[in-house]
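Working notes, beginning with the structure itself.
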Amino acid sequence: QVQLVESGGGLVQPGGSLRLSCAASGNIASINVMAWYRQAPGRERESVALITKGGSINYADSVKGRFTISRDNAKDTVYLQMNSLKPEDTAVYFCNARDNDLVSLSWGQGTQVTVSS
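Mapping to our numbering: the sequence shown position 6 is 12, numbers consecutive.
Laid out in structure tokens, this is it:
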């Protein structure tokens, strides 16, 4: 099994920055893709960014140029650096791990990000 623990959420003003972290433990060897999703009130969960073990990266159009996903395989941790935050980025952000077949292995508990003046 894989366990994921997120940290780094909070309240930030528009234009500000936050960095989210997601630490993985357990059967680390089974993980290929690490991803960030978010869910705003009344909306479906959506993919934000993902990174494979080999370093391939994909972003949602809404965050391209503002968010950066990175992965420290030595620490079994994935990061999401969020810059130029907008009120519409307000959501609960979830970390997700997937195996080589893109089957979901685990979800984190979520961390709240609120962008407001």
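All residues carry an ideal CB built from backbone N, CA and C; glycine is no exception.
Nothing here was measured: the structure is a model prediction, and the numbers come from that model.
DSSP three-state assignment for residue i, whether helix, strand or coil
i   : result
D78 : strand
A46 : coil
I34 : helix
One or two residues paired with residue i in a DSSP bridge
i   : result
L26 : L86
S53 : Y43
N64 : L56
R72 : Looking at the DSSP assignment, R72 forms no beta bridge with any residue, so it has no partner.
Presumed contact (8 Å Cβ cut-off) between residue i and residue j, rounded CB distance
i    : j   : result
V8   : G32 : 5 Å
V121 : P20 : 6 Å
I75  : I57 : 5 Å
Whether residue i touches residue j by CB criterion (8 Å)
i    : j   : result
L86  : L26 : yes
R104 : A30 : no
V54  : A66 : yes
V98  : T83 : no
Option nearest residue i by Cα separation, candidates the options
i    : options              : result
V39  : T120, P47, L17, C28  : C28
K81  : R51, S23, G116, K59  : K59
F73  : D95, N106, E52       : D95
G16  : S112, D107, G61, M88 : M88
G61  : N79, V18, L24        : N79
S23  : G116, R77, V69, F100 : V69
R44  : G14, F100, T83       : F100
S123 : V18, S13, G14        : V18
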